[in-house]
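Following: one structure in structure tokens, then a few remarks.
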């Protein structure tokens with residue numbers, strides 16, 4: 067940066083910064099700017115065929131600038147208190163299953179198991195929407211002034227962030243808006259975050275059976291929980307401090323099992339002659355594998371408590387175990403261009419959806435039993451990988 071400041075003219079800096087300003091503002095500018103920005107960043111670089119409908123782009127803009135205001139109405143119409151309570155029950159079942167899994171691990175020493183359980187029990191769960199909504203009363207929104215509204219929203223958020231200086235960290239703050247279709251684990255806060263947006267079909271349906279919900283959103287919840295113990299998350303302690311609480315022997319045993327997953331996914335093809343980078347995607351792949359297994363354990367525990375024996379119950383003629391895996395597969399349906407697949411293989415820490423499904427279930431004897439697979443078939447992996 068220092069060399070650029072010395073060697074680049076002021077006029078060039080003005081041009082460069084003006085371009086960035088126009089680029090980030092382009093969604094709110096006239097159609098010629100919108101289309102030019104789309105043609106390069108989406109069409110040329112990522113292979114998109116057409117721009118998204120205007121209404122979707124407008125919703126995205128509102129979500130980005132007024133996420134919790136939009137979220138209040140979204141939660142009221144879709145998720146509600148009932149959905150939050152059912153999801154919290156699922157989280158409780160998954161945490162119980164993960165605790166049991168940790169206790170039963172044959173490769174982890176008692177000392178590290180004890181530390182892992184302390185961290186697990188310290189994880190806080192943020193589900194659906196915040197308990198206290200953000201106050202936007204100081205933000206001026208003017209009808210017909212899209213660009214002005216966007217700039218004022220940026221200014222509002224900038225000063226909201228500045229106001230945090232010198233104050234205690236707000237552990238109840240959400241970093242995603244309620245309508246967001248995503249989830250995350252925060253190692254420094256040691257919490258999992260599931261906005262209401264991801265708690266909808268095909269991932270979650272408060273009106274469907276446990277098998278489908280545990281196979282879809284349950285596996286995602288398990289995924290985020292195990293992030294606290296993967297190659298990155300395990301470096302943080304229960305309070306979110308960067309502290310190594312693993313014994314050298316446990317770290318070595320973990321690395322052996324993680325290497326199995328890294329090698330497995332490095333053998334998958336993203337597109338044409340481009341292979342996945344198993345080390346780049348290691349954390350997400352480990353969480354995928356662990357999350358599905360933990361969710362399956364939790365489902366069996368819940369079914370046992372309800373007196374369900376796992377036989378076909380009339381829902382499509384599939385057993386609960388089969389519906390679990392069908393829901394898991396359907397939750398990852400994906401449609402992407404070859405261009406984005408090629409790009410993602412080099413920069414995205416997540417594997418393509420197909421491999422997130424096939425890589426996981428081929429490592430699970432539970433899948434093999436559920437569908438009566440035979441040794442040598444594609445979904446039965448010889449020497450399956452297993453961390454959690």
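Numbering (my numbering), first residue to last: 67 to 454.
Built from N, CA and C at the ideal position, the CB exists for glycine as well.
Practice prompt. With residue 382 as the anchor, note down where its alpha helix (DSSP H) starts and where it stops.
Written response: On the chain shown, residue 382 is found 316 positions in, with the first residue counted as 1. Residue 382 -> no alpha helix (DSSP H), and no H or E assigned at all.
Worksheet item: Do you know offhand how far residue 119's Cα is from residue 313's?
Response: Looking up residue 119 in the chain shown gives position 53. Looking up residue 313 in the chain shown gives position 247. Their Cα atoms are separated by approximately 53 Å.
Practice prompt. On a CA-only basis, which of 207, 97 and 117 is nearest residue 485? Give me that one, please.
Written response: Here the chain has residues from 67 to 454 only, and residue 485 is not among them.
Worksheet item: Between residue 355 and the rest of its own chain, which residues show a CB-CB distance below 6 Å, the 5 nearest in sequence each way excluded?
Response: What you label residue 355 is simply residue 289 of the chain shown in a count that begins at 1. Take residue 355, set aside five residues on each side of it, and the residues of its chain with a beta-carbon closer than 6 Å to its own are 426 and 429, in chain order.
Worksheet entry | Element boundaries [beta strand (DSSP E), containing residue 257] | Within the chain shown, residue 257 is the residue found at index 191, counting from 1. 257-261 is the extent of the beta strand (DSSP E) around residue 257.
Discussion item. Just to confirm the assignment: which complete beta strand (DSSP E) runs, minimum length 3, are found wholly within the stretch 284-358?
Written reply: Segments of the beta strand (DSSP E) lying fully in the stretch 284-358: 335-337.
Worksheet item: Where residue 142 and residue 272 are concerned, what is the direct C-alpha to C-alpha distance, given to the nearest angstrom?
Response: Indexing the chain shown from 1 puts residue 142 at position 76. Indexing the chain shown from 1 puts residue 272 at position 206. If you take the alpha carbons of residue 142 and residue 272, they lie about 14 Å apart.
Worksheet item: Are the beta-carbon atoms belonging to residue 262 and residue 144 less than 8 Å from one another?
Response: In the chain shown, residue 262 corresponds to position 196, counting from 1. In the chain shown, residue 144 corresponds to position 78, counting from 1. Yes, Cβ-Cβ distance for residue 262 and residue 144 is below 8 Å.
Practice prompt. Apply the 10 Å Cβ neighbour rule to residue 442 and answer buried if 16 or more other Cβ atoms are within range, or exposed otherwise.
Written response: For the purposes of this step, residue 442 is identified with residue 376 of the chain shown, where counting begins at 1. Counting every other CB atom within 10 Å of its CB across the protein chains shown gives residue 442 a total below 16, marking it as exposed.
Worksheet entry | Helix, strand or coil at residue 139 according to DSSP, with G and I counted as helix | Reading the chain shown from its first residue, position 73 is the one you call residue 139. Residue state, collapsed to three classes: helix.
Discussion item. What residue range does the beta strand (DSSP E) around residue 190 cover?
Written reply: The sequence position of residue 190 within the chain shown is 124, counting from 1. For residue 190, the enclosing beta strand (DSSP E) stretches over residues 190-194.
Worksheet item: Going straight from the alpha carbon of residue 96 to that of residue 213, what length do you get?
Response: One-based indexing of the chain shown puts residue 96 at position 30. One-based indexing of the chain shown puts residue 213 at position 147. Here the alpha carbon of residue 96 sits roughly 10 Å from the alpha carbon of residue 213.
Worksheet entry | Where residue 451 falls, given that 16 or more other Cβ within 10 Å makes a residue buried | Taking the chain shown and counting its residues from 1, one reaches residue 451 at position 385. By the 16-neighbour rule on beta-carbons within 10 angstroms, residue 451 is buried.
Discussion item. Give me, in chain order, the residues of the same chain whose beta-carbon lies closer than 7 Å to that of residue 268; leave out the 5 immediate sequence neighbours on both sides.
Written reply: In the chain shown, the residue the question calls residue 268 occupies position 202. Closer than 7 Å at Cβ, skipping near neighbours: 282, 396 and 397.
Item to complete: Can you grab the Cα-Cα spacing for the pair residue 437 / residue 422, in whole Å?
Response: Indexing the chain shown from 1 puts residue 437 at position 371. Indexing the chain shown from 1 puts residue 422 at position 356. Separation of residue 437 and residue 422 (C-alpha to C-alpha, rounded to the nearest whole angstrom) is 19 Å.
Worksheet entry | Rounded C-alpha distance that separates residue 338 from residue 107 | If you number the chain shown from 1, residue 338 lands on position 272. If you number the chain shown from 1, residue 107 lands on position 41. If you draw a straight line from the Cα of residue 338 to the Cα of residue 107, it is about 22 Å long.
Worksheet item: Which residue comes first and which comes last in the alpha helix (DSSP H) that contains residue 421?
Response: For the purposes of this step, residue 421 is taken as residue 355 along the chain shown, with counting starting at 1. Unbroken alpha helix (DSSP H) run through residue 421: 419-427.
Worksheet item: Can you give, in chain order, each stretch of the alpha helix (DSSP H) that sits fully within the stretch 119-192 and has at least 4 residues?
Response: Entirely contained in the stretch 119-192, the alpha helix (DSSP H) runs reaching 4 residues are, in chain order, 120-131, 133-144, 146-170 and 176-188.
Worksheet item: With burial defined as no fewer than 16 other Cβ atoms inside 10 Å of the residue's Cβ, what is the status of residue 287: buried or exposed?
Response: One-based indexing of the chain shown puts residue 287 at position 221. Buried, by the Cβ-count rule.
Discussion item. Quick check on DSSP: helix, strand or coil for residue 252?
Written reply: One-based indexing of the chain shown puts residue 252 at position 186. Here residue 252 carries a strand assignment [DSSP, helix/strand/coil].
Worksheet item: How many Å lie between residue 342 and residue 409 at the Cα?
Response: Counted from its first residue, the chain shown places residue 342 at position 276. Counted from its first residue, the chain shown places residue 409 at position 343. Answer to the nearest angstrom: the Cα atoms are 11 Å apart.
Worksheet item: In terms of residue numbering, what span does the alpha helix (DSSP H) encompassing residue 406 cover?
Response: The residue labelled residue 406 in the question sits at position 340 within the chain shown. That run of the alpha helix (DSSP H) goes 404-413.
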